[in-house]
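Asker:
2 protein chains.
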Amino acid sequence: MPRSRARAPPKTTDEDEPRVRADALQPTLALAEAIYDQLDAGEIPRMRLPLRTKQNLSFQARDGVWKLGRQLGTRSARKLDGALMLLRTFYLVDFINEMARDKKTSTLRELYYISEAWEEAKFHSEDESNLLIEDLEVLCTRLREDFRLHPEENGASVIGDLTIRERNRKGIVKTINCRDDVGDGGYSLPFNVEKEKIEFVSTKAKFVIAIECGGMVDRLAENGFDEEHEAILLHLKGQPARSTRRFLRRVTEELKLPVVVFTDGDPWSFRIYASVAYGAIKTAHLSSYLATPSAEFLGVTASDIENYNLPSDHLSEQDIRALQAELTDPRFGTPDWRAEIELMLKNGKKAEQQSLAKYGLNYVTEHYLPEKLTEMGIL
Amino acid sequence: MPRSRARAPPKTTDEDEPRVRADALQPTLALAEAIYDQLDAGEIPRMRLPLRTKQNLSFQARDGVWKLGRQLGTRSARKLDGALMLLRTFYLVDFINEMARDKKTSTLRELYYISEAWEEAKFHSEDESNLLIEDLEVLCTRLREDFRLHPEENGASVIGDLTIRERNRKGIVKTINCRDDVGDGGYSLPFNVEKEKIEFVSTKAKFVIAIECGGMVDRLAENGFDEEHEAILLHLKGQPARSTRRFLRRVTEELKLPVVVFTDGDPWSFRIYASVAYGAIKTAHLSSYLATPSAEFLGVTASDIENYNLPSDHLSEQDIRALQAELTDPRFGTPDWRAEIELMLKNGKKAEQQSLAKYGLNYVTEHYLPEKLTEMGIL
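Listed in order, the protein sequences are those of chains A and B.
Just add 1 to the spot in the first sequence (first one is 1) and you have the working numbering.
Just add 1 to the spot in the second sequence (first one is 1) and you have the working numbering.
1. With a threshold of 8 Å, are at least 3 pairs of Cβ atoms found where one atom belongs to the segment 80-87 of chain B and the other to the segment 97-107 of chain B?
2. Would you mind telling me which residues of chain A sit closer than 8 Å to B:LYS359, beta carbon to beta carbon, in chain order?
3. Pull out every residue of the segment 179-193 of chain A whose Cβ sits closer than 9 Å to any Cβ of chain B, in chain order.
4. Under a CB-based cut-off of 8 Å, is A:PRO312 close to chain B?
5. Whether or not the segment 245-259 of chain B and the segment 284-299 of chain B are in contact is what I'm after, with contact meaning three or more pairs of Cβ atoms, one per stretch, closer than 8 Å; do they touch?
6. Residues in the same chain with beta-carbon distance under 7 Å from B:ALA33, minus the five sequence neighbours each way, listed in chain order, please.
7. Under DSSP, the alpha helix (DSSP H) around B:GLN39 begins and ends at which residues?
8. What are the residues in the segment 211-227 of chain B lying within 9 Å of chain A by C-beta distance?
9. What's the gap between the Cα of A:ALA222 and the Cα of B:GLY216?
10. Comparing the C-beta of B:LEU144 with each C-beta of chain A, is any distance below 8 Å?
11. Apply the 10 Å Cβ neighbour rule to A:ASN308 and answer buried if 16 or more other Cβ atoms are within range, or exposed otherwise.
12. At what residues does the beta strand (DSSP E) containing A:TRP67 begin and finish?
13. Just list the alpha helix (DSSP H) runs in the segment 242-329 of chain B, keeping only unbroken ones of 4 residues or longer that don't cross its boundaries, in chain order.
14. If you measure beta-carbon to beta-carbon, which residues of the segment 148-161 of chain A are closer than 9 Å to chain B?
15. Output yes or no for whether 8 Å exceeds the beta carbon distance between A:ALA323 and A:VAL260.
16. For A:LEU93, would you say it is in contact with chain B, using Cβ-to-Cβ distances shorter than 8 Å as the test?
17. To the nearest angstrom, how far is the alpha carbon of A:VAL202 from that of A:LEU163?
18. Is the distance from the Cβ of A:SER356 to the Cβ of A:LEU311 below 8 Å?
19. Is A:VAL194 closer than 8 Å to A:LEU235 when the C-beta atoms are compared?
20. One question on the structure: do B:LEU69 and B:ALA285 come within less than 8 Å of each other, judged by their Cβ atoms?
21. With distance defined between alpha-carbon atoms, name the residue in B:GLU367, B:ASN224 and B:VAL262 nearest to B:PRO241.
22. Which class does B:LEU50 belong to by DSSP, given the choice of helix, strand or coil?
23. Taking only beta carbons into account, state which residues of the segment 193-204 of chain B come closer than 8 Å to chain A, listed in chain order.
24. In the DSSP output, what is A:VAL159 paired with across the bridge?
25. What is the rounded straight-line gap between the Cα of A:MET345 and the Cα of A:SER270?
26. Please name the residue in A:LYS171, A:GLY172, A:MET100 and A:GLU318 whose C-alpha comes closest to that of A:LEU150.
27. Taking all protein chains shown into account, decide if B:ALA25 is buried (16 or more other Cβ within 10 angstroms of its Cβ) or exposed.
28. Quick check: is the beta carbon of A:LEU26 nearer than 8 Å to any beta carbon in chain B?
29. Quick one, which of A:LYS351, A:SER126 and A:ASP136 has its alpha-carbon nearest A:ARG49's?
30. Which residues in chain A sit within 9 Å of B:GLU129, going by Cβ to Cβ distance?
31. Could you check how far apart the C-beta atoms of A:VAL139 and A:PRO46 are, in whole angstroms? I think they sit under 8 Å.
32. Closer than 8 Å between beta carbons: that is the criterion. Which residues of the segment 280-296 of chain A meet it against chain B?
33. Could you work out which residue in A:THR264, A:LEU328 and A:LYS198 is closest to A:LYS351 when comparing CA atoms only?
34. Quick check on A:ILE177 - is its C-beta less than 8 Å from some C-beta in chain B?
35. Which runs of the alpha helix (DSSP H) at least 4 residues long sit entirely within the segment 96-162 of chain B? Give them in chain order.
36. Can you name the residues of chain A whose CB is closer than 7 Å to the CB of B:GLU231?
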C-alpha cells in the first residue's frame, strides 16, 4: 500500500474495534493524499479509474469469472461535472472514515440522504451514489463492506449442521449452530460475512444446496433432508444478495464443500444460478470475491420438465427473449447449457421447483434430489 | 363442536404430536359427516357458507376490525361446477387430515401442485386453491395454520429483550432470547406463531416498534435504541405476512405491550399500517385473530415531512389515486387520518423513513423517535 507521505494517517483500529482488515480504509486516505499532492503542486486534480463498460469487461471462461480490462477513464476538476464528482468522492471518503471512528455502518439509502448536507455535491439519485461506491471499490480494491456500507437486501437463511462464530454489532462473539441453536427460520446471514464478522468453526455436512424458494427449503427441512444427506440448506431468497454470494464463496474455499443450486426452471432462475457461479456485470470487479464458479446447477432443467412430466406453464414473450439473450451470454456458453436453453425454447415450457409436489410431498426428497445428486457425483 | 355421529374420528393428537389445538381439524370432519349424511338420505349434497363479498363486509369502527355479515351462499352438487367444488373441498379435507397423521405441513403452492392427482377436481390456478382454503377457514372457524397450510412469505425478524420458547419442526423446544441468543439478523418468525409453536416466556421491553425498512431496523439496533428505550424492534418486511400480524396481535394481548408502526411516508406504507391495525378485506373473517387495532401510526406523516423538512419525492399519479381511495377507506376514517391524507395531497410530497439521515445517522434515534414517542405517551 502506498504510504502516506505528509503525515501519519488516523488509526482505524484499536483494542475494541472488530478485527477489521487493518488496511481496510488505507487506500481511501491514499486517494486523498494523491489529490492533496496535486493541489499542492498547483495542478488541476484528477483521478484515473478502470472503465466499467461492456467493452472493458471480459468473461474468463477458464476461471469462470468476469475480469476488468485495462481501459482507464479520467475524472478531472477541469470541468464542473468532474470537479463535483471529485468533491463528492472526498465527502464520501470523509464520511466513511468518520463512520469507522464512530464504529458505525450505513445503508446505501442512508448515504444518499446523508449527502443532503453536501450541498452542491449532493447525490441526485441513489443510482449516482451506488455508482460512486462501485468506483471506490475498484479504485481501492476493497469491498463496500470494508467501507461500512451495505444495502437493504435480505441475506440468505441457513439451516444445517454448520457451527459459526458471529461477532455481533456490539462486538460480542456468539457461537451458533445453524441447526441446534436456531428456530425453524434458520440462521439469517448479516450483511457483512467477512472473516472478522463470521468465523467458520466446524461442520459435518458434505455439501451445500442453495435453494430459490422458501417453501422448498421448508420442505427439505421438514422431511429431514439436511440430516439424512448431511447437507446445508441455504435459502437464496431470489436473486442472491452479495452477502449470500460471498458466503457461498467462502464455504467453497474454506470448508471445501461443493455447492449445488436448485431453482425453478425458467430463464430468470437460470440467472440466479449464473449470479452465484459467475457473478454479474455490475460486480465484475469483485468476481474473485463473490463468484463460486465450481457451483453446479441441479435443476429444474428443461430436460427435467420432460423426464419428470412436471406441470408447466407456457413461456411468455419476455421469457423467450431472456432465453435468447442467454444463448449469447458467455456465462451460459457451455454445451450443456446451450442444449438446455435450446430445449426449453423448443418445448416452450417452464416449471416451478414446487411442481414436484405433483407426486406427493416426499417425492422431491425421496426421489428427485437423490437421483440428481447421485448423477452429479455428490451422493 | 358437533360430535361425529357415525364413527369415532381419527385421532389428531398423540404423545409426540405438538400440542396443537386438539379440535383443530374436527370441524373439517364434521363437514364431511354432514355431506355423508345428505348422501345417505338420498339428497343432493350442498354446503352453505358466508359470502365474502364487499357487500357482506362491514368495518366496525368501534372495535376497529372487519366483520362478515349474515349473507350466505350455497354450493350445490346440482350443477357440475358445484359438484367439482364439493369434490375439491373434500380432497382438500382428506389431504389436510393426512398431513396431520404424517406430521407434515405444506405451502399453498405445493397444495396447488398436489391437486394434479385429483384429476377433474384439480385446481386451475393458485388463486382458486387459495380461495378454497379461505372458504374452509370461514366454514370451520379455523386458521389455515390449523390446517397445516402456509404461504411462502417471509415472516418478520425480531430484535430485542424478548424470551420465547419455540417448538421446532421436530418437536424440540428451544428457549431463545431475541437479543442474546441470535445474530445480527435477529430471530426469524416461523410461519406458524400460535401458542403451541411459540410461547412467550418473559420480556423487559416496554413497547414494540414495527418498522418497514430493514435499513431502519439496523439503524436502531446499531444505535442501541432497543436497549436504551427498552423496545422490541420488529422488521415488517413490507406488507406484513399473516404470521407477523398474528405475532403483533399476541404481543399486545398477552404481553400487554403497546405497538407503534414506523414506515415510509406514502400511501402504500399507510396501508402497511392499516394491515397491522385493522386487517385487510382478504382476511376479514380473521380480524379478531390478526388485527391489532390498538397499534398506533408513528410516522413518517405528511406533517413530519413539513416539520422536519425531509427530502421528498413528488407524488405519482398512482400515489394520488391511492390517497384518494384512502379518503373513502373506513380504516382511515378518523379525523387525524383524514387531515394527514389531505395534507399529503395538498403538498404533493412523499418521503422515506431513511430520509431522516439528512441530519446524520443518529438523528432518528436521538431526536425524531424520542420526540414522537413522547408525544404519543409511550416514552
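Backbone N, C-alpha and C define an ideal beta-carbon position, used for all residues, glycine too.
Keep in mind that this is a model prediction, so the values were computed, not measured.
Answerer: The structure says:
1. Of all C-beta pairs linking the segment 80-87 of chain B to the segment 97-107 of chain B, fewer than three are shorter than 8 Å, placing the two stretches out of contact.
2. Chain A residues near B:LYS359: TYR114, ILE115, GLU117 and ALA118.
3. Within the segment 179-193 of chain A, the residues whose Cβ lies closer than 9 Å to any Cβ of chain B are, in chain order, ASP181, ASP182, VAL183, GLY184, ASP185, GLY186, GLY187, TYR188, SER189, LEU190, PRO191, PHE192 and ASN193.
4. Yes, A:PRO312 lies at the interface with chain B (some Cβ there is under 8 Å from its Cβ).
5. The segment 284-299 of chain B vs the segment 245-259 of chain B: in contact.
6. Once the five neighbours on either side are set aside, the close Cβ partners of B:ALA33 are PHE91 and VAL94.
7. Taken as a continuous stretch (DSSP letters only), the alpha helix (DSSP H) holding B:GLN39 covers 27-41.
8. Sequence-ordered contacts of the segment 211-227 of chain B with chain A read CYS214, GLY215, GLY216, MET217, ASP219, ARG220, ALA222, GLU223, ASN224 and GLY225 [C-beta pairs closer than 9 Å].
9. Cα to Cα, the separation comes out at about 29 Å.
10. By this cut-off, B:LEU144 is not an interface position.
11. Residue environment for A:ASN308: exposed (fewer than 16 other C-beta atoms within 10 angstroms of its C-beta).
12. Run containing A:TRP67: 66-69, per the beta strand (DSSP E) assignment.
13. 243-256, 268-279, 288-291, 303-308 and 318-328, all fully within the segment 242-329 of chain B.
14. Within the segment 148-161 of chain A, those residues whose Cβ lies closer than 9 Å to any Cβ of chain B are, in chain order, HIS151, PRO152, GLU153, GLU154, ASN155, GLY156 and SER158.
15. Taking 8 Å as the cut-off, the beta carbon of A:ALA323 is found no closer than this to the beta carbon of A:VAL260.
16. Not one chain B Cβ lies under 8 Å of A:LEU93.
17. When rounded, the distance between both Cα atoms is 8 Å.
18. A contact, by the Cβ cut-off of 8 Å.
19. Result no, Cβ atoms of A:LEU235 and A:VAL194 do not sit closer than 8 Å.
20. Closer than 8 Å, so yes.
21. Considering only alpha carbons, the answer is B:VAL262.
22. Three-state DSSP puts B:LEU50 in a strand.
23. Residues: none.
24. For A:VAL159, which the question treats as bridged, DSSP gives the partners A:TYR188 and A:LEU235.
25. Cα-Cα distance, rounded: 13 Å.
26. Checked all of A:LYS171, A:GLY172, A:MET100 and A:GLU318; the closest Cα to A:LEU150 is A:MET100.
27. Buried, because 16 or more other Cβ atoms sit within 10 Å of the Cβ of B:ALA25.
28. Cβ-Cβ to chain B under 8 Å: no for A:LEU26.
29. Of the listed residues, the one whose Cα sits closest to A:ARG49 is A:ASP136.
30. Think of a sphere of 9 Å around the beta carbon of B:GLU129: no beta carbon from chain A falls inside it, the nearest being about 14 Å out.
31. That pair is no contact at about 18 Å.
32. Within the segment 280-296 of chain A, no residue has a Cβ lying closer than 8 Å to any Cβ of chain B.
33. Ranking the options by Cα distance to A:LYS351, first place goes to A:THR264.
34. Closer than 8 Å: yes.
35. Listed in chain order, the complete alpha helix (DSSP H) runs (minimum 4 residues) inside the segment 96-162 of chain B are 109-115 and 127-141.
36. What B:GLU231 touches in chain A: nothing, since even the nearest Cβ is about 16 Å away.
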